[in-house]
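Undergrad: Chains A and B are the protein sequences, given in the same order. This note's numbering applies: residue 1 is where the first sequence begins, and numbers increase by one. This note's numbering applies: residue 375 is where the second sequence begins, and numbers increase by one.
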Amino acid sequence: MNRETPPANDEFEISVIGPGRGECIVLHLGDNVWCIVDSCVSRGQSESVAIEYLDGFKNGALDGVKLVVATHWHDDHVRGLTSILKRVPKAEFYYSAALRVPQFIQLVRTYQVADPAGSGTKEFGTILQELEKQQNPNAQNRINPPKQAVENRRLLSLQGNGRSFPAAVTALSPSDATHALATLEFARLLPKPGQSQRRITGFEQNHTSVVLLVEAGPVTALLGADLLHTLAQNEGWNAVLACHANHHNQKRASFFKVPHHGSENADCPEVWTRLLTNNSIAVVTPFVAGVRLPKSSDLKRIGARTDELYCTTSGTGTPPKRDSVVERFMRQQITGRRLLEGLPGHVRVRWPSGQTMPNVVERFNGAFKVNPTL
Amino acid sequence: MPLESSITFSDGLSKQNDDVLRGTFLGATEPPAIDFGPMEPVGAEQVSYSTLLASSVSSTTDVKSNAPIPKSAVLPSVLRFTARGTPKLKTKQLFEGTVIEVQENGFTATLSDKTNLAYPDEEAVFENTEISEEDQLLVRPGSSFYWVIGHETSVGGQITNVSRILFRRLPAWTSRKLEKIAADTSQLNTLFPAEE
Numbered sequence: 001m002n003r004e005t006p007p008a009n010d011e012f013e014i015s016v017i018g019p020g021r022g023e024c025i026v027l028h029l030g031d032n033v034w035c036i037v038d039s040c041v042s043r044g045q046s047e048s049v050a051i052e053y054l055d056g057f058k059n060g061a062l063d064g065v066k067l068v069v070a071t072h073w074h075d076d077h078v079r080g081l082t083s084i085l086k087r088v089p090k091a092e093f094y095y096s097a098a099l100r101v102p103q104f105i106q107l108v109r110t111y112q113v114a115d116p117a118g119s120g121t122k123e124f125g126t127i128l129q130e131l132e133k134q135q136n137p138n139a140q141n142r143i144n145p146p147k148q149a150v151e152n153r154r155l156l157s158l159q160g161n162g163r164s165f166p167a168a169v170t171a172l173s174p175s176d177a178t179h180a181l182a183t184l185e186f187a188r189l190l191p192k193p194g195q196s197q198r199r200i201t202g203f204e205q206n207h208t209s210v211v212l213l214v215e216a217g218p219v220t221a222l223l224g225a226d227l228l229h230t231l232a233q234n235e236g237w238n239a240v241l242a243c244h245a246n247h248h249n250q251k252r253a254s255f256f257k258v259p260h261h262g263s264e265n266a267d268c269p270e271v272w273t274r275l276l277t278n279n280s281i282a283v284v285t286p287f288v289a290g291v292r293l294p295k296s297s298d299l300k301r302i303g304a305r306t307d308e309l310y311c312t313t314s315g316t317g318t319p320p321k322r323d324s325v326v327e328r329f330m331r332q333q334i335t336g337r338r339l340l341e342g343l344p345g346h347v348r349v350r351w352p353s354g355q356t357m358p359n360v361v362e363r364f365n366g367a368f369k370v371n372p373t374l
Numbered sequence: 375m376p377l378e379s380s381i382t383f384s385d386g387l388s389k390q391n392d393d394v395l396r397g398t399f400l401g402a403t404e405p406p407a408i409d410f411g412p413m414e415p416v417g418a419e420q421v422s423y424s425t426l427l428a429s430s431v432s433s434t435t436d437v438k439s440n441a442p443i444p445k446s447a448v449l450p451s452v453l454r455f456t457a458r459g460t461p462k463l464k465t466k467q468l469f470e471g472t473v474i475e476v477q478e479n480g481f482t483a484t485l486s487d488k489t490n491l492a493y494p495d496e497e498a499v500f501e502n503t504e505i506s507e508e509d510q511l512l513v514r515p516g517s518s519f520y521w522v523i524g525h526e527t528s529v530g531g532q533i534t535n536v537s538r539i540l541f542r543r544l545p546a547w548t549s550r551k552l553e554k555i556a557a558d559t560s561q562l563n564t565l566f567p568a569e570e
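#1: Near B:ARG538, what residues of its chain come up, given a Cβ to Cβ distance below 7 Å and the 5 sequence neighbours on each side ignored?
#2: With burial defined as no fewer than 16 other Cβ atoms inside 10 Å of the residue's Cβ, what is the status of B:GLU404: buried or exposed?
#3: Report the partner residues of B:ARG538 according to the DSSP bridge assignment.
#4: Just the C-alpha distance for B:THR382 and B:GLN532, rounded to the nearest angstrom, thanks.
#5: Once you ignore the five residues that flank A:ALA221 on each side, which residues in its own chain have a CB closer than 7 Å to its CB?
#6: Near A:GLN135, what residues of its chain come up, given a Cβ to Cβ distance below 8 Å and the 5 sequence neighbours on each side ignored?
#7: Beta-carbon separation of A:ASN206 and A:LEU172 under 8 Å?
#8: Taking 7 Å as the limit between beta carbons, can you name the residues of its chain near B:ALA557, skipping five residues before and five after?
#9: Just to confirm, are A:SER42 and A:PRO286 a CB contact at a threshold of 8 Å?
#10: Using 8 Å as the limit for Cβ to Cβ distance, is B:TYR520 near chain A?
#11: So, using beta-carbon positions, are A:THR121 and A:LEU99 closer together than 8 Å?
#12: Please state whether DSSP places A:GLY18 in a helix, a strand or coil.
#13: Please report how far the alpha carbon of A:TYR94 lies from the alpha carbon of B:PHE566, in whole angstroms.
#14: Could you name the residues that DSSP lists as bridge partners for A:VAL361?
#15: Find the residues of chain A that neighbour B:ILE555, judging by a C-beta separation of less than 8 Å, and give them in chain order.
#16: Interface residues of chain A around B:ASP495 at Cβ under 9 Å?
#17: Would you be able to state if there are at least three C-beta pairs under 8 Å between the region 40-54 of chain A and the region 74-92 of chain A?
#18: Looking only at its own chain, which residues have a Cβ that is under 7 Å from the Cβ of A:MET1, when we skip the five neighbours before and after it?
#19: Output needed in chain order: residues of the region 298-314 of chain A with a Cβ under 7 Å from some Cβ in chain B.
#20: Grab me the residues of B:TYR493's own chain with a C-beta within less than 7 Å of its C-beta, minus the 5 sequence neighbours each way, in chain order.
#21: Is the distance from the Cβ of A:GLY342 to the Cβ of A:GLY366 below 8 Å?
#22: Any beta carbon of chain B sitting closer than 8 Å to that of A:SER196?
#23: Which residue from B:ALA498, B:PHE541, B:LEU512, B:SER560 puts its Cα closest to that of A:PHE329?
#24: Can you tell me the Cα-Cα spacing of A:LYS58 and A:ARG198, whole angstroms?
#25: List the residues of chain A that B:SER549 touches, going by C-beta distances under 8 Å, in chain order.
#26: Contact criterion: CB-CB distance below 8 Å. Does A:GLY336 meet it with respect to chain B?
#27: Comparing the C-beta of A:GLY18 with each C-beta of chain B, is any distance below 8 Å?
#28: Using a Cβ-Cβ cut-off of 7 Å (strictly less than) and excluding sequence neighbours within five positions of A:LYS192, which residues of its own chain qualify?
#29: Taking the C-alpha atoms as reference points, what is the distance between B:GLU504 and B:THR460?
#30: Closest Cβ-Cβ distance between B:VAL529 and chain A: below 8 Å?
#31: What does a CB cutoff of less than 7 Å around B:GLU553 pick up in its chain, not counting 5 residues either side in sequence?
#32: Step through the CB atoms of chain A and report whether any lies within less than 8 Å of the CB of B:THR465.
#33: From A:GLU11 to A:ASN32, what does the alpha carbon distance come to, in whole angstroms?
#34: Enumerate in chain order the residues of its own chain whose CB-to-CB distance from B:GLU501 is below 8 Å, with the five nearest sequence positions on each side excluded.
#35: Just list the residues that DSSP pairs A:SER196 with in beta bridges.
#36: Is DSSP giving A:PHE329 helix, strand or coil here?
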């Protein structure tokens with residue numbers, strides 16, 4: 001099936017799109033109702049890959065987007081998010097409750113003032129601008145005021161006789177304990193008087209991530225965002241395990257968006273035994289900037305837990321050719337280079353009505369199934 | 375602004391001298407930054423003093439108007455800057471870089487192409503030897519720089535390919551600025567409604 005073929009009304013779909021830096025998940029919850037989790041952009045584009053994908057169906061799918069979730073604030077998960085919110089202003093927009101601290105808003109504003117072009121807070125700065133515009137009573141295309149996602153909060157519930165299947169999206173994180181931690185960490189990122197102006201480069205606040213439990217008919221999926229695993233019982237994956245045990249104990253997911261690009265520090269073995277079914281479909285989105293993820297050891301570790309491991313992209317391709325003089329200087333002056341974005345690699349899974357197993361896991365634009373023998 | 379200078383004219387200024395003064399002679403390594411004004415013929419049939427005086431050339435020589443210039447006379451000459459400031463740089467490529475990691479002998483940075491906006495960002499590794507000593511103090515995670523590649527036309531017309539990495543010198547944060555942002559932020563919090 002080609003990429004532009006829309007799902008049937010009674011099909012549940014999970015699409016994981018990752019061009020090498022960032023990820024975006026698109027869910028079809030039946031009857032042309034869609035949900036977008038995070039956002040990234042393809043090379044040379046300013047709009048989210050989700051818009052490009054849904055527009056490609058040519059059936060008004062974008063109008064069916066009812067829920068947009070920003071799992072956390074890092075650029076690789078929110079780039080292009082504003083373009084989505086502008087196109088689907090009526091959709092509910094949820095962000096991590098851990099960001100609802102004055103220090104985060106202050107951080108966004110600080111870097112908006114200092115250097116709007118280039119910091120990790122740029123996309124949230126743009127959203128802030130859009131929200132400010134709406135204070136004007138004549139503003140058009142008002143986007144819904146953002147809401148907070150926090151553990152055990154239902155973000156969307158689609159029930160009723162007219163539907164092909166019931167569906168629900170529930171947040172399993174962040175925990176309350178994360179809130180306090182985030183406050184401290186954002187405060188630490190705020191510049192002090194006398195410090196030189198620099199961009200934010202260290203992205204460590206992954207424990208503010210929103211993990212989602214998606215229920216669609218008989219299928220359950222777990223979307224791990226970038227949540228990390230620590231020894232603390234009330235944070236990270238331990239807090240998710242507790243939330244799941246208390247409120248969703250019967251639910252086992254057969255689809256898993258592997259957290260934090262498959263990194264070891266996001267790996268919680270108990271998630272595989274307590275939250276997932278045997279041999280669940282797992283999808284990893286690579287991250288090529290800075291420390292490259294996943295490492296081959298990460299793929300081996302995850303591949304030992306499931307035969308159904310997929311990766312959205314194997315690389316970002318070769319750099320474009322520039323003027324010969326430019327190329328010559330680049331060869332002379334840099335000792336290594338790589339592209340940070342490639343084509344939007346795409347893993348798509350569609351479950352026919354009422355079935356717990358998909359017919360096929362489709363792969364587009366370089367996405368591949370990881371060979372378990374490696 | 376015309377400058378004053380002195381030069382000894384000989385009878386029948388040779389082409390070679392003319393070229394030397396204009397910096398166009400074969401093999402010139404560094405053309406002069408100053409171009410002499412139009413070379414008027416000198417000698418018995420040369421420019422009159424009144425013409426020179428009209429060109430705002432000040433002279434302390436007491437001369438009579440319309441008198442012929444004696445051969446081998448030392449005359450003030452009108453000079454003009456042709457440089458009109460500095461050499462011209464034509465940019466072929468501009469990157470905006472951000473240092474993301476500093477190593478012992480270099481650093482890793484992301485490069486954003488400001489010439490071809492459709493091109494994807496790249497990550498590149500630089501050695502410290504590519505950075506001026508002055509700028510090496512600025513190499514820290516988060517600091518930004520421009521990388522310009524192009525060709526430079528000197529004041530004399532020579533074209534050289536150049537590549538320059540220039541770290542931005544952004545001002546330090548001030549208490550006043552940070553306090554203003556903090557005050558501004560308290561209003562912005564209302565854009566993110568509290569829990570219902």
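Ideal Cβ placement from N, Cα and C applies to all residues, glycine included. Given the structure is predicted, the values throughout are model-derived calculations rather than measurements.
TA: A quick look at the data gives this:
#1: Excluding positions up to five away in sequence, the list reads VAL522.
#2: Note that B:GLU404 scores a pLDDT of 39, beneath 50, so its modelled location is shaky; the value from the coordinates is reported in the next line. With fewer than 16 other CB atoms across the displayed protein chains lying within 10 angstroms of its CB, B:GLU404 is exposed.
#3: Its beta-bridge partners are B:VAL522.
#4: Here the model assigns B:THR382 a pLDDT of 34, short of 50, so the residue's position is not dependable, and the following value carries that caveat. Whole-angstrom Cα-Cα distance: 28 Å.
#5: Cβ neighbours of A:ALA221 beyond the five flanking positions: ILE14, VAL214, ALA253, PHE255.
#6: Taken in chain order, the list of residues that qualify is empty.
#7: Against a cut-off of 8 Å, the Cβ pair of A:LEU172 and A:ASN206 comes out as no contact.
#8: Short of 7 Å from the beta carbon of B:ALA557, and not among the five residues preceding or following it, lies no beta carbon of its own chain.
#9: The answer is no: Cβ separation not under 8 Å.
#10: No, its Cβ sits nowhere closer than 8 Å to a Cβ of chain A.
#11: Note that the C-beta distance between A:THR121 and A:LEU99 is not below 8 Å.
#12: Three-state DSSP puts A:GLY18 in a strand.
#13: For A:TYR94 and B:PHE566, the distance between alpha carbons rounds to 11 Å.
#14: Beta-bridge pairing links A:VAL361 to A:VAL349.
#15: For B:ILE555, the chain A residues whose C-beta falls within less than 8 Å of its own C-beta are GLN106, ARG109, THR110, VAL113, listed in chain order.
#16: Within chain A, the residues near B:ASP495 are ARG21, ARG43, ALA289, LEU339, LEU340, GLU341.
#17: Enough Cβ pairs lie closer than 8 Å, so yes.
#18: Hits under 7 Å: GLU362.
#19: Within the region 298-314 of chain A, no residue has a Cβ that lies closer than 7 Å to any Cβ of chain B.
#20: Closer than 7 Å at the Cβ level, and outside the excluded window around B:TYR493, lie ASP487.
#21: Yes, the pair counts as a contact, with Cβ atoms nearer than the cut-off.
#22: It does; some Cβ of chain B falls within 8 Å.
#23: Check the Cα spacing between A:PHE329 and each of B:ALA498, B:PHE541, B:LEU512, B:SER560: the tightest is with B:ALA498.
#24: Distance between A:LYS58 and A:ARG198, taken at the CA atoms: about 43 Å.
#25: At a C-beta separation below 8 Å, B:SER549 has these neighbours in chain A: PRO193.
#26: By the rule that beta-carbons nearer than 8 Å mark a contact, A:GLY336 touches chain B.
#27: Interface annotation, A:GLY18: not in contact with chain B, CB-CB separation never under 8 Å.
#28: Here the set comprises nothing.
#29: So the two alpha carbons sit approximately 24 Å from each other.
#30: It does not: the Cβ of B:VAL529 has no partner Cβ on chain A nearer than 8 Å.
#31: Exclusion of the five residues before and after B:GLU553 leaves no residue of its chain whose Cβ lies closer than 7 Å to its Cβ.
#32: No - not a single Cβ of chain A is within 8 Å of the one on B:THR465.
#33: So the alpha carbons of these two residues sit roughly 10 Å apart.
#34: Excluding sequence neighbours, B:GLU501 sits near ASN479, GLY480.
#35: Answer is B:ALA546.
#36: Residue state, collapsed to three classes: helix.
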